[in-house]
Amino acid sequence: AAGASRTVTFVLAWYFPNRYVTWDQRNVGILDRKSLFWLGNQYNNWFDSALSVVEYVRDNYPRLVAQTRLYRDRFFDSTLPWQLLDSVAGPISTIRSPTCLWNEDGRFHGFEGCHGASTFHGELEGCCPMDCTHVWNYEMAVAKLFPDLEQGMRHTDLIDQISPWGSIPHRTVLPLYLPRP
């Protein structure tokens, strides 16, 4: 009808099941630059296509919006100074940036930082791979918000990475079946 309006919701979804080690690991003793070492993505365990992601969002949209708004409101409807809120919000956003990986095996990992454009930086993907101890052992956002992911990172350090003489290498080699430095 003339003058009528309608609201339409668009959902943009993606599904990239094949995450590979695309960064240089020569600094941790992996000289093979020809093999593709597959890691996958955690969401492979929940979805099998972009369409299944869209269907999940469609079926759970009210709950997802309510939870997102509740988080935002609890965080920002505060008497804390905006400077403090801003300094806390920054590290939280890193968890869902190209800095971090949540592999299909459930392991959570992180670069030291990222360079944008899906973290491409010359020959390296990401900045300073992977789980560098001088960054990931003191950050607190993952531990406070997602303790299971943090416990997985500590498992990687204390079980998979630890050497026979008790030292923990500075960086994690992925996949975990490759030799440790």
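Going by the numbering used here, 735 is the number at position 64 of the sequence shown; the sequence numbering is gapless.
For glycine and all other residues, C-beta sits at the position ideal for the given N, C-alpha and C.
Sequence-distant residues of its chain with Cβ nearer than 8 Å to cysteine 771 (five each side left out) = Thr765, Phe779, His780, Gly781, Phe782
Out of Val728, Thr693, Lys705, point me to the one whose CA is closest to tryptophan 684's CA.
-> Reading the sequence as shown, one finds alanine at residue 684 and not tryptophan. Among Val728, Thr693, Lys705, the Cα nearest to that of alanine 684 belongs to Val728.
Three or more beta-carbon pairs under 8 Å between the stretch 696-706 and the stretch 732-741, yes or no?
-> no
Report yes or no: do three or more beta-carbon pairs, one from the stretch 702-713 and one from the stretch 747-766, lie closer than 8 Å?
-> no
Pick from Asp819, Phe747, Gly784 that is closest to histidine 805, judged by C-alpha positions | Gly784
What did DSSP end up calling leucine 772 once you bin it into helix, strand or coil?
-> strand
Per DSSP, what kind of secondary structure is histidine 780 in: helix, strand or coil?
-> strand
Exposed unless 16 or more other CB atoms sit within 10 angstroms - verdict on threonine 827 = buried
Quick one: using the 10 Å Cβ neighbour count with 16 as the cut-off for buried, is arginine 825 buried or exposed?
-> exposed
Measure the C-alpha to C-alpha separation of proline 850 and serine 834 and round it to an integer number of angstroms.
-> 11 Å
Between which two residues does the alpha helix (DSSP H) harbouring valine 763 extend?
-> Note on identity: in this sequence residue 763 is isoleucine, with valine being the wrong assignment. Unbroken alpha helix (DSSP H) run through isoleucine 763: 753-765.
Kindly identify the DSSP beta-bridge partner or partners of phenylalanine 708.
-> Val692
Taking only the alpha-carbon atoms, compute the straight-line gap between aspartate 776 and leucine 845 and give it to the nearest angstrom.
-> 12 Å
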